[in-house]
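*Asks:* Those letters in the sequence shown? Residues 467 to 727, per my numbering, in order.
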Amino acid sequence: MRRKIVVGNWKMNKTFPEAEDLLDELAERLKEEQDDQDVEVIVCPPFLYAEMAHDLCTDEDDESQVYYSVGVQDVSEHAQGAYTGEVSAAMLSSMGVEYCIVGHSERRKYFGESDAQVSRKVEQLLQNEITPIVCCGENAEERESGMQFDVIGRQLKEGLFGLKPLDFSRLVIAYEPVWAIGTGKTATPGQAQEVHAWIRNLVQEQYGKEIARVLPILYGGSCNARTARDLFAQPDIDGGLIGGASLNADDFIAIVNSFEK
Ligand code: 13P
Numbered sequence: 467m468r469r470k471i472v473v474g475n476w477k478m479n480k481t482f483p484e485a486e487d488l489l490d491e492l493a494e495r496l497k498e499e500q501d502d503q504d505v506e507v508i509v510c511p512p513f514l515y516a517e518m519a520h521d522l523c524t525d526e527d528d529e530s531q532v533y534y535s536v537g538v539q540d541v542s543e544h545a546q547g548a549y550t551g552e553v554s555a556a557m558l559s560s561m562g563v564e565y566c567i568v569g570h571s572e573r574r575k576y577f578g579e580s581d582a583q584v585s586r587k588v589e590q591l592l593q594n595e596i597t598p599i600v601c602c603g604e605n606a607e608e609r610e611s612g613m614q615f616d617v618i619g620r621q622l623k624e625g626l627f628g629l630k631p632l633d634f635s636r637l638v639i640a641y642e643p644v645w646a647i648g649t650g651k652t653a654t655p656g657q658a659q660e661v662h663a664w665i666r667n668l669v670q671e672q673y674g675k676e677i678a679r680v681l682p683i684l685y686g687g688s689c690n691a692r693t694a695r696d697l698f699a700q701p702d703i704d705g706g707l708i709g710g711a712s713l714n715a716d717d718f719i720a721i722v723n724s725f726e727k
């Protein structure tokens with residue numbers, strides 16, 4: 467059995483009081499409404515709210531009850547020093563952050579993040595005991611010209627395949643077709659499954675059967691309360707990386723509860 471994971475990527479949304487309300491509501495309602503305790507719920511707010519997210523993720527009376535884990539959306543590729551505006555993996559780790567999204571298509575597109583940077587960020591995170599959630603995926607043009615496997619293959623090989631097997635086995639991968647992000651055009655379960663199975667096979671060729679078998683591969687891109695169930699029912703889809711629908715507790719919790727029993 468592979469891990470089942472749902473990640474909320476809030477992107478650049480929510481003021482401080484709005485973030486506090488949503489985090490509070492998530493903790494309270496996950497306590498009552500989460501159907502399957504084996505589903506790992508991860509919330510990735512903006513950096514500024516990571517500490518608050520960490521404070522609010524446990525039960526007030528029993529700190530051993532954790533309702534969600536805290537992640538962030540990016541990290542510096544550098545360990546420390548004169549890098550104005552950057553946030554290091556060591557800082558995040560010291561604040562209780564357990565996960566970090568890396569190589570999101572928005573960072574690749576708007577901030578020029580390269581596969582080489584993805585690789586350095588992953589190294590920083592692993593050295594600081596933070597689990598990288600590494601994104602890959604093709605854009606519309608690349609899919610239309612049938613290039614999706616070339617693009618994803620390059621992203622994985624250059625970003626990740628330099629890792630030793632033990633390090634690679636600590637990753638979570640997210641397939642996020644760029645044409646599906648924020649567009650309402652969710653990939654069909656068949657389209658997503660095809661890519662997930664292909665990724666798993668590529669990982670198997672590089673790292674062997676056992677590492678590929680247990681690797682969690684999440685789907686992201688207009689995944690919502692309506693589409694999650696059919697996606698999560700696919701054999702190689704282990705959960706979701708959720709943007710817009712993670713900004714609202716009703717939708718996000720419905721997605722958390724979308725795994726087959
Ligand atoms: P949407 O769910 O808003 O399409 O965003 C997906 C995403 O980019 C998550 O990282």
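Glycine included, C-beta positions come from ideal geometry on N, C-alpha and C.
Please determine whether the Cβ atom of Leu622 lies at a distance below 7 Å from any heavy atom of the ligand 13P.
*Replies:* No, the ligand 13P has no heavy atom inside 7 Å of this Cβ.
*Asks:* Just to confirm, does Ile647 get its C-beta within under 7 Å of one of the non-hydrogen atoms of the ligand 13P?
*Replies:* Under cutoff, so the answer is yes.
*Asks:* Taking only the alpha-carbon atoms, compute the straight-line gap between Gly578 and Met518 and give it to the nearest angstrom.
*Replies:* Computed Cα separation, rounded: 30 Å.
*Asks:* Closest to Gly648 by CA distance: which of Asn605, Lys630 and Leu622 is it?
*Replies:* That would be Asn605, whose Cα lies nearest to the Cα of Gly648.
*Asks:* Note down the Cα distance separating Leu591 from Gln546, rounded to an integer number of angstroms.
*Replies:* Leu591 and Gln546: Cα-Cα distance of roughly 13 Å.
*Asks:* Based on DSSP bridge pairs, tell me the residues matched to Ile599.
*Replies:* The partner list for Ile599 (beta bridge, DSSP) reads Ile567 and Val638.
*Asks:* Quick check on Tyr685: does DSSP put it in helix, strand or coil?
*Replies:* Strand at Tyr685.
*Asks:* Check whether the Cβ atoms of Leu488 and Lys477 lie closer than 8 Å to each other.
*Replies:* Taking 8 Å as the Cβ cut-off, Leu488 and Lys477 do not qualify as a contacting pair.
*Asks:* Straight-line CA distance for Asp702 to Ile683?
*Replies:* So the two alpha carbons sit approximately 7 Å from each other.
*Asks:* So the alpha helix (DSSP H) Ile708 belongs to, where does it begin and stop?
*Replies:* Per DSSP, Ile708 belongs to no alpha helix (DSSP H); it is in the beta strand (DSSP E), Gly705 to Ile708.
*Asks:* Cα separation between Thr597 and Gly612?
*Replies:* C-alpha separation (whole angstroms): 31 Å.
*Asks:* Any heavy atom of the ligand 13P inside 7 Å of the beta-carbon of Glu642?
*Replies:* Yes; taking the cut-off as 7 Å, the Cβ of Glu642 has a heavy atom of the ligand 13P nearer than that.
*Asks:* Start and end of the alpha helix (DSSP H) containing Lys727?
*Replies:* Note, Lys727: premise wrong, no alpha helix (DSSP H); not H, not E.
*Asks:* Would Lys587 and Glu543 be called neighbours here (beta carbons separated by less than 8 Å)?
*Replies:* Yes, the pair counts as a contact, with Cβ atoms nearer than the cut-off.
*Asks:* The beta strand (DSSP E) with Lys470 in it runs from where to where?
*Replies:* Per DSSP, Lys470 belongs to the beta strand (DSSP E) from Lys470 to Asn475.
*Asks:* Hey, out of Asp501, Met561, Ala556 and Val553, whose CA is closest to Asp521's CA?
*Replies:* Of the listed residues, the one whose Cα sits closest to Asp521 is Met561.
*Asks:* Less than 8 Å separating the beta-carbons of Cys601 and Glu642?
*Replies:* Yes; because the gap between Cβ atoms is below 8 Å, this pair is in contact.
*Asks:* Just to confirm, is the Cβ distance from Ala711 to Ile721 under 8 Å?
*Replies:* Cβ distance < 8 Å, so Ala711 and Ile721 count as in contact.
*Asks:* Taking 7 Å as the cut-off, is the beta-carbon of Ser688 closer than that to any non-hydrogen atom of the ligand 13P?
*Replies:* The answer is yes for Ser688.
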